[in-house]
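Student:
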Amino acid sequence: MIHREVADGLERLWNVRVNCIWEADESSRHGEVYIFDHVFKQECTNSDVYGSVVKPLVDSFMEGFNATIFAYGQTSSGKTHTILGNKTDPGLFQLVSNQLFQHVADQVDKRYLIRCSYIEIYNEKINDLLDKSNQGLTIREDIKGNVLLDAREAVVDNVDKVMENMMQGNKIRRVAATRMNERSSRSHTIFRIILESKDANQKDGPVHISYLNLMDLAGSERVSLTKAAGERLKEGANINKSLSVLGNVIRQLSEGKEFISYRDSKLTRLLSQALGGNAKSLIIGNVTLAAEEETRSTPEFAQSTKTVKNKTKVNILSATEETLQGYQNLTRDLETRLKSRQLS
Ligand SMILES: Nc1ncnc2c1ncn2[C@@H]1O[C@H](COP(=O)(O)OP(=O)(O)OP(=O)(O)O)[C@@H](O)[C@H]1O
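Residue numbers (the UniProt record's numbering): 1 to 344.
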C-alpha cells in the first residue's frame, strides 16, 4: 500500500499468490480467482518483474521481433512507478536500456543503429515529447496498412542518451495533481526504441529491424473519487473514453470478430500491431490491494487480453528502407570528405 492508503487506514482486500489474485472476502459475489503468468507481491521490486517477464521479451526484440510492454491500471496504482521507477527501485525503462546496450557491446560481429522516439496522447491529440514544436502529429498508413507517425527520432548509442531523451520528454509530459495521485499522468505515453542490426562481415547481408514500445497508460478514474473538475475532468473523460475503446478492441479480438474498431481512438490505432498484429505483447496490470471494484476491473481486463492471438515474425528491411545502410554510407562519405580536407 502507498502512503496515502496507509494514512487513510485502508484495509487489504485482496490475497495474492505466485500466479493468482482473489478477493479476501470469499463471500463476495465476485469470488473469482484470477490466474496469470505471474502475480507479484507487494515486496517485489521492478527488477523482479523485469527478470521474470520482461527480459525474455527484450531478448526476442533483439532477435528482430517487435515487442510492446504496457502498464494498465486504475489511477495511482503504480504504472508510472513500474515504467520509470526511482533511484532505489529503477523502472523497466532503465532495466531494458541496460540489457539492450549490454547486448550490443557483447556482439562484436554485428553493426547496430538504435533510435528512439517519445510521444504522448493527450485529449486525443498526439504530441511529440522530443520536439516541443511538433505537436498535433497525424497518423498515416503505408500501403501495407502499417501505422506511421512523423515523430522525431533521436539516434542513441548508450544508456545515458536513452535516459536523457526520456527525461527531456518527461519535462513536457502532461502530469497534474489529483485527489488520488500527486503526480497523475494525464496522457498515455509511448517510448519507442527502434533497433536495426546486420552482420558486420556480410556487406550485403539482410538488415533486421524491430521496435520495442514501452507504454505508460493514464489510469482510469472515477469522478466520485478524484472529485475532478474543469480541465482535470475533461482529461479524465478522454482517458476513460480511450481506455473503454481499448477494452472494446480487446473484447472484439478475443471473440474473434472480423471487424476490429481500432480507429475509434488514437490509442488503439497506435496499438494495432501490439493487439492482434505483428508484435509480442506484455501487459502489466497494476493494482492496489486496498480497493475492491477499481482493482477488480484490472484483472478482468487482463484476463480478456490473454485470449488475443498475435502473429509475429522477424522483420527484415528491403534495400530501399535500410536506415542503417544509409547511415553507414553517410559516415563513409563524411570520413572521405574530412580526409580530403585534411590533405588539402
Ligand atoms: N511499488 C511501489 N513502491 C513504492 N511506491 C509506489 C509503488 N507503486 C506506486 N508507488 C507510489 O504511488 C504513487 C502513485 O503511483 P504512480 O504515479 O506510479 O501511479 P499511476 O498508476 O501511474 O497513476 P496515474 O494513472 O494517476 O498516473 C506514487 O507516489 C508512487 O511513487
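No residue lacks a Cβ here, since even glycine has one placed at the ideal position from N, Cα and C.
Count the CB pairs spanning the stretch 77-84 and the stretch 120-132 that are closer than 8 Å, and state whether there are at least three.
Tutor: Not touching, per the Cβ criterion.
Student: Measuring only from the beta carbon, is Ser181 closer than 8 Å to any heavy atom that is part of ligand 1?
Tutor: The count along the sequence shown starts at 1 and reaches residue 181 at position 181. Reading the sequence as shown, one finds Asn at residue 181 and not Ser. The answer is yes for Asn181.
Student: Return yes when the C-beta of Ile121 is under 8 Å from any heavy atom of ligand 1, and no when it is not.
Tutor: Here residue 121 refers to the residue found at position 121 when the sequence shown is read from its first residue. Checking the Cβ of Ile121 against ligand 1 gives no.
Student: Buried or exposed for Arg140, going by 16 or more other Cβ atoms inside 10 Å?
Tutor: By 1-based counting over the sequence shown, the position of residue 140 is 140. Exposed is the call here.
Student: Name all residues in chain order for which at least one heavy atom of ligand 1 lies closer than 5 Å to the residue's CB.
Tutor: Here the list is Ile2, Thr75, Ser76, Ser77, Gly78, Lys79, Thr80, His81, Asn181, Ser184, Ser185 and Gly219.
Student: List the residues that DSSP assigns as beta-bridge partners of Ser184.
Tutor: Translated into the one-based positions of the sequence shown, residue 184 becomes position 184. DSSP output for Ser184 lists Ala176 as bridge partner(s).
Student: What did DSSP end up calling Ser77 once you bin it into helix, strand or coil?
Tutor: Translated into the one-based positions of the sequence shown, residue 77 becomes position 77. In the structure shown, Ser77 sits in coil (DSSP, three-state: anything other than H, G, I, E or B).
Student: How many Å lie between Asn158 and Glu294 at the Cα?
Tutor: Within the sequence shown, numbered from 1, the residue matching residue 158 stands at position 158. Within the sequence shown, numbered from 1, the residue matching residue 294 stands at position 294. In a straight line, the C-alpha of Asn158 is about 39 Å away from that of Glu294.
Student: So, for Asn201: in the same chain, excluding its five sequence neighbours on each side, which residues have a beta-carbon less than 8 Å away from its beta-carbon?
Tutor: Along the sequence shown, one-based indexing puts residue 201 at 201. Hits under 8 Å: Asp109.
Student: Determine the direct distance from the alpha carbon of Ser210 to that of Glu43, and round the result to whole angstroms.
Tutor: The residue labelled residue 43 in the question sits at position 43 within the sequence shown. The residue labelled residue 210 in the question sits at position 210 within the sequence shown. Whole-angstrom Cα-Cα distance: 34 Å.
Student: Going by C-alpha distance, which of Arg111, Gly64, Val54 and Gly78 is nearest Gln99?
Tutor: The residue labelled residue 99 in the question sits at position 99 within the sequence shown. Measuring from the Cα of Gln99, the nearest candidate turns out to be Val54.
Student: When the Cα atoms are used, what is the spatial distance from Val156 to Arg111?
Tutor: Here residue 156 corresponds to residue number 156 of the sequence shown, with the count starting at 1. Here residue 111 corresponds to residue number 111 of the sequence shown, with the count starting at 1. Their backbone Cα atoms lie some 14 Å apart in a straight line.
Student: Is the separation between the beta-carbon of Ile194 and that of Ser97 shorter than 9 Å?
Tutor: Within the sequence shown, numbered from 1, the residue matching residue 194 stands at position 194. Within the sequence shown, numbered from 1, the residue matching residue 97 stands at position 97. No, they are not a contact pair.
Student: Since Lys87 is in the alpha helix (DSSP H), which residue starts that stretch and which ends it?
Tutor: The count along the sequence shown starts at 1 and reaches residue 87 at position 87. Note, Lys87: premise wrong, no alpha helix (DSSP H); not H, not E.
Student: Could you check whether Ser297 and Ser220 sit closer than 9 Å to each other, using their CB atoms as the reference points?
Tutor: Your numbering for residue 220 matches position 220 in the sequence shown. Your numbering for residue 297 matches position 297 in the sequence shown. Cβ atoms of Ser220 and Ser297: closer than 9 Å.
Student: Near Lys41, what residues of its chain come up, given a Cβ to Cβ distance below 8 Å and the 5 sequence neighbours on each side ignored?
Tutor: Looking up residue 41 in the sequence shown gives position 41. Within the same chain, Lys41 has close Cβ partners Val16.
Student: Using only CA atoms, which one of Leu243, Asn315, Asn286 and Glu255 lies nearest to Met1?
Tutor: Position 1 of the sequence shown, counted from the start, is the residue given in the question as residue 1. The option with the nearest alpha carbon to Met1 is Asn286.
Student: Taking the alpha-carbon positions, what's the Lys132 to Leu10 distance?
Tutor: Taking the first residue of the sequence shown as 1, we reach residue 132 at position 132. Taking the first residue of the sequence shown as 1, we reach residue 10 at position 10. So the alpha carbons of these two residues sit roughly 41 Å apart.
Student: Ordered along the chain, which non-local residues of its own chain (more than five positions away) have a Cβ less than 6 Å from that of Ile239?
Tutor: Here residue 239 refers to the residue found at position 239 of the sequence shown. Only Ala218 meet the Cβ criterion.
Student: Count the other C-beta atoms from every protein chain shown that fall within 10 angstroms of the C-beta of Arg12, then say buried if there are 16 or more, exposed otherwise.
Tutor: Taking the first residue of the sequence shown as position 1, residue 12 is located at position 12. Its Cβ having fewer than 16 others within 10 Å, Arg12 is exposed.
Student: Is the separation between the beta-carbon of Leu129 and that of Thr138 shorter than 9 Å?
Tutor: Within the sequence shown, the letter at position 129 stands for residue 129. Within the sequence shown, the letter at position 138 stands for residue 138. No, these two residues do not count as a Cβ contact at 9 Å.
Student: Per DSSP, Ser197 forms a beta bridge with which residues?
Tutor: Taking the sequence shown and counting its residues from 1, the one referred to as residue 197 is at position 197. Answer is Tyr112 and His208, bridged to Ser197.
Student: What alpha helix (DSSP H) runs, 4 residues minimum, are completely inside the stretch 240-326?
Tutor: Listed in chain order, the complete alpha helix (DSSP H) runs (minimum 4 residues) inside the stretch 240-326 are 266-270 and 293-305.
Student: Suppose you measure from the CA of Glu196 to the CA of Ala290; what does that come to, to the nearest Å?
Tutor: Locating residue 196 in the sequence shown gives position 196, where the first residue counts as 1. Locating residue 290 in the sequence shown gives position 290, where the first residue counts as 1. C-alpha separation (whole angstroms): 44 Å.
Student: Work out the CA separation of Ile283 and Ser244 for me, nearest whole Å.
Tutor: Taking the sequence shown and counting its residues from 1, one reaches residue 244 at position 244. Taking the sequence shown and counting its residues from 1, one reaches residue 283 at position 283. Straight-line Cα distance between these residues: approximately 16 Å.
Student: When you compare each of Asn278, Arg152 and Asp333 to Lys144 by their alpha carbons, which one comes out closest?
Tutor: As a first step, residue 144 must be located in the sequence shown, where it is residue number 144. When only C-alpha atoms are compared, the closest one is Asn278.
Student: Say whether the stretch 177-184 touches the stretch 59-67, bearing in mind that this needs 3 or more beta-carbon pairs closer than 8 Å, one atom from each stretch.
Tutor: Too few Cβ pairs lie closer than 8 Å, so no.
Student: Can you find the residues in the same chain that come closer than 7 Å, C-beta to C-beta, to Lys168, ignoring five residues on each side of it along the sequence?
Tutor: If you number the sequence shown from 1, residue 168 lands on position 168. Strictly speaking, residue 168 in this sequence is Gln, with Lys absent from that position. Closer than 7 Å at the Cβ level, and outside the excluded window around Gln168, lie Leu130.
Student: Leu113 to Trp22, Cα distance in whole Å?
Tutor: Locating residue 113 in the sequence shown gives position 113, where the first residue counts as 1. Locating residue 22 in the sequence shown gives position 22, where the first residue counts as 1. Rounded to whole angstroms, Leu113 to Trp22 spans 45 Å at the Cα level.
Student: Go to Leu148, then tell me how far its beta strand (DSSP E) extends in each direction, as first and last residue.
Tutor: What you label residue 148 is simply residue 148 of the sequence shown in a count that begins at 1. It spans Val147 to Leu149 - the beta strand (DSSP E) in which Leu148 sits, taken as one unbroken run.
Student: In whole angstroms, what is the alpha-carbon distance linking Gln135 and Ala151?
Tutor: Here residue 135 refers to the residue found at position 135 when the sequence shown is read from its first residue. Here residue 151 refers to the residue found at position 151 when the sequence shown is read from its first residue. For Gln135 and Ala151, the distance between alpha carbons rounds to 9 Å.
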